[in-house]
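Please read the structure below before turning to the comments.
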Amino acid sequence: MKTPVQNLLGLDWPVIQGPFGGGSTVKLTALVSNLGGLGSFGAYMMTPDAIASTIAEIKAATSKPFNINLWVSDHDPGGLKLSPEEFDQAFALYEPFYKQFGLDKPAPPKASYHPRFEDQVEVILETRPPVFSFVFGIPSTSILSECRTRGIVTVGAATTLPEAEALDTAGVDCIIASGFEAAGHRPSFLARAEDSLMGTMALPRVVASKINTPVIPAGGIADGEGVRAALQLGAGAAQIGTAFFACEESGASELQRAALFDQRARTSKLTRAFSGRLARGIPNRTMLEMEKLQGRLPPFPVHSWFMAKIRAAALTAGDPDWVSLYGGQAAALVKHRAAADLMKNITGGL
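Residue numbers (this note's numbering): 315 to 664.
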């Protein structure tokens, strides 16, 4: 029998592929959806035009439900824009690493360091993807109302009970309960991420005991056994990120994928080194060097903007020490290189 979450999202299987910005692809999203799960595309780094084009491509590749994910909060205090003087001061921190890769000082962006959520979400309302998920906050009442009117299922993310209660009050359709084991960013929005570290065993159960909105656990789930455990605890579906990120259909680089299949994946750490916001990844020199500068680095997304140039150069040079190696605490369980094989593993025992 299908769970209420499966019926709400239109899924054959209670499996949600976690969205990842910079690592999402139309191919992976459509493949997971075509196999009966919910394929997801992390679009928070994309311009509105690029999002519209991507949604059109996904619709052409699958007739099944899929999910587009955005960040409600697109900058931290001080991260909206920098004066010329502030830009120069910030670049001085990164200059030694730019020189290491032979990079010149970049020109400041003409508009902003990150696309505006307000512009991105207009595309969601216009193109009507089946599912719209969001992190780092709650869209306005008018946006959520428009989603309901247009038949778009809304999915918010919580890292604490108060955040889940806020999402419930706002009237979202589902809540992702993201445990601190999860790879990537901690999408906390009511308190510091460092103060919002509940685990996947406790958070979904606590949330489900207090609210009626369906809860979907995420974090530390990488295989069929993990999904079955989540279902046995009362979940209607489970979200998997790292295991799908490791698959060849994702947009992960060979350096990122290689790290998930070797000894490095045994260890993960929470850090602000990659983007300026707290995220879980595999330790490398980026963490070491940026954490030395803690308290001096500019906020998100300015730090992420400067680091993007270094990451691109490192990828070209084949240097994993300067790539954002996102990975969760269950990364050592990763074993499938093809998303179809991973889906077969997950659904085989359900």
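Cβ coordinates follow ideal geometry from the N, Cα and C atoms, glycine included.
Small disclaimer: the values here were computed from a predicted structure and weren't measured.
Residue i, enclosing beta strand (DSSP E) - first and last residue
{"i": "residue 466", "result": "Element bounds for residue 466: n/a, residue is neither H nor E."}
{"i": "residue 385", "result": "380-385"}
{"i": "residue 449", "result": "445-449"}
{"i": "residue 552", "result": "552-554"}
{"i": "residue 343", "result": "Residue 343 -> not in any beta strand (DSSP E); alpha helix (DSSP H) instead, spanning 340-348."}
{"i": "residue 594", "result": "593-595"}
{"i": "residue 420", "result": "Premise fails: residue 420 is in no beta strand (DSSP E) and is neither H nor E."}
{"i": "residue 331", "result": "329-331"}
{"i": "residue 531", "result": "529-532"}
{"i": "residue 491", "result": "488-492"}
{"i": "residue 583", "result": "583-585"}
{"i": "residue 355", "result": "353-356"}
Terminal residues of the alpha helix (DSSP H) in which residue i lies
{"i": "residue 519", "result": "517-524"}
{"i": "residue 616", "result": "616-631"}
{"i": "residue 452", "result": "No alpha helix (DSSP H) holds residue 452; DSSP gives it neither H nor E."}
{"i": "residue 661", "result": "653-661"}
{"i": "residue 368", "result": "362-375"}
{"i": "residue 538", "result": "538-546"}
{"i": "residue 575", "result": "Per DSSP, residue 575 belongs to no alpha helix (DSSP H) and is neither H nor E."}
{"i": "residue 482", "result": "475-484"}
{"i": "residue 604", "result": "599-606"}
{"i": "residue 427", "result": "From DSSP, residue 427 is part of no alpha helix (DSSP H); its letter is neither H nor E."}
{"i": "residue 405", "result": "398-414"}
Other residues of its chain near residue i: CB distance less than 7 Å, five sequence neighbours each side excluded
{"i": "residue 634", "result": "569, 573 and 598"}
{"i": "residue 587", "result": "600, 601, 604 and 605"}
{"i": "residue 508", "result": "592"}
{"i": "residue 457", "result": "435"}
Integer Cβ distance of residue i from residue j, believed to fall under 8 Å
{"i": "residue 496", "j": "residue 472", "result": "Not quite, the Cβ-Cβ distance comes to about 12 Å (not below 8 Å), so this is no contact."}
{"i": "residue 476", "j": "residue 504", "result": "5 Å"}
{"i": "residue 334", "j": "residue 384", "result": "The Cβ separation is near 13 Å, so there is no contact."}
{"i": "residue 624", "j": "residue 427", "result": "About 15 Å separates the two Cβ atoms, so there is no contact after all."}
{"i": "residue 527", "j": "residue 467", "result": "Not quite, the Cβ-Cβ distance comes to about 12 Å (not below 8 Å), so this is no contact."}
{"i": "residue 522", "j": "residue 540", "result": "Between residue 540 and residue 522 the Cβ distance is about 17 Å, and since that is not below 8 Å, they are no contact."}
{"i": "residue 372", "j": "residue 340", "result": "5 Å"}
{"i": "residue 516", "j": "residue 648", "result": "Not confirmed; about 24 Å, so no contact."}
{"i": "residue 544", "j": "residue 441", "result": "About 31 Å separates the two Cβ atoms, so there is no contact after all."}
Nonlocal neighbours in the same chain, by C-beta distance under 8 Å from residue i, ignoring five residues either side
{"i": "residue 538", "result": "659, 660, 661, 662, 663 and 664"}
{"i": "residue 589", "result": "499, 614, 615, 617, 618, 621 and 638"}
{"i": "residue 455", "result": "484"}
{"i": "residue 448", "result": "383, 384, 385, 386, 468, 469, 470 and 471"}
{"i": "residue 536", "result": "554, 556, 557, 642, 644, 645, 647 and 648"}
{"i": "residue 654", "result": "345 and 349"}
Alpha carbon of residue i to alpha carbon of residue j, nearest angstrom
{"i": "residue 344", "j": "residue 502", "result": "28 Å"}
{"i": "residue 380", "j": "residue 417", "result": "39 Å"}
{"i": "residue 552", "j": "residue 583", "result": "23 Å"}
{"i": "residue 342", "j": "residue 382", "result": "13 Å"}
{"i": "residue 348", "j": "residue 542", "result": "21 Å"}
{"i": "residue 577", "j": "residue 324", "result": "38 Å"}
{"i": "residue 627", "j": "residue 594", "result": "22 Å"}
{"i": "residue 414", "j": "residue 606", "result": "17 Å"}
{"i": "residue 534", "j": "residue 346", "result": "19 Å"}
{"i": "residue 390", "j": "residue 602", "result": "23 Å"}
{"i": "residue 546", "j": "residue 358", "result": "33 Å"}
{"i": "residue 315", "j": "residue 445", "result": "22 Å"}
{"i": "residue 694", "j": "residue 319", "result": "Residue 694 lies beyond the residue range present for the chain, which begins at 315 and ends at 664; the question has no answer from this structure."}
{"i": "residue 575", "j": "residue 631", "result": "20 Å"}
{"i": "residue 520", "j": "residue 478", "result": "10 Å"}
{"i": "residue 350", "j": "residue 377", "result": "11 Å"}
{"i": "residue 370", "j": "residue 419", "result": "36 Å"}
{"i": "residue 269", "j": "residue 392", "result": "No statement about residue 269 is possible, as the shown extent of the chain runs from 315 to 664 and does not include it."}
{"i": "residue 636", "j": "residue 646", "result": "21 Å"}
{"i": "residue 453", "j": "residue 482", "result": "13 Å"}
{"i": "residue 656", "j": "residue 338", "result": "16 Å"}
{"i": "residue 640", "j": "residue 596", "result": "6 Å"}
{"i": "residue 327", "j": "residue 437", "result": "28 Å"}
{"i": "residue 332", "j": "residue 608", "result": "29 Å"}
{"i": "residue 395", "j": "residue 424", "result": "10 Å"}
{"i": "residue 353", "j": "residue 610", "result": "38 Å"}
{"i": "residue 488", "j": "residue 363", "result": "27 Å"}
{"i": "residue 571", "j": "residue 355", "result": "18 Å"}
{"i": "residue 669", "j": "residue 629", "result": "A query on residue 669 cannot be resolved here, the shown segment of the chain reaching from 315 to 664 and no further."}
{"i": "residue 529", "j": "residue 550", "result": "7 Å"}
{"i": "residue 443", "j": "residue 474", "result": "27 Å"}
{"i": "residue 563", "j": "residue 450", "result": "27 Å"}
{"i": "residue 375", "j": "residue 650", "result": "23 Å"}
{"i": "residue 652", "j": "residue 511", "result": "31 Å"}
{"i": "residue 406", "j": "residue 433", "result": "32 Å"}
Other residues of its chain near residue i: CB distance less than 6 Å, five sequence neighbours each side excluded
{"i": "residue 439", "result": "460"}
{"i": "residue 422", "result": "401"}
{"i": "residue 404", "result": "612"}
{"i": "residue 360", "result": "none"}
{"i": "residue 566", "result": "337 and 559"}
{"i": "residue 673", "result": "Here the chain covers residues 315 to 664 and nothing more, so residue 673 does not appear."}
{"i": "residue 514", "result": "493, 495, 531, 533 and 534"}
* Asked: So, do the stretch 459-467 and the stretch 393-404 have three or more beta carbon pairs nearer to each other than 8 Å?
  -> no
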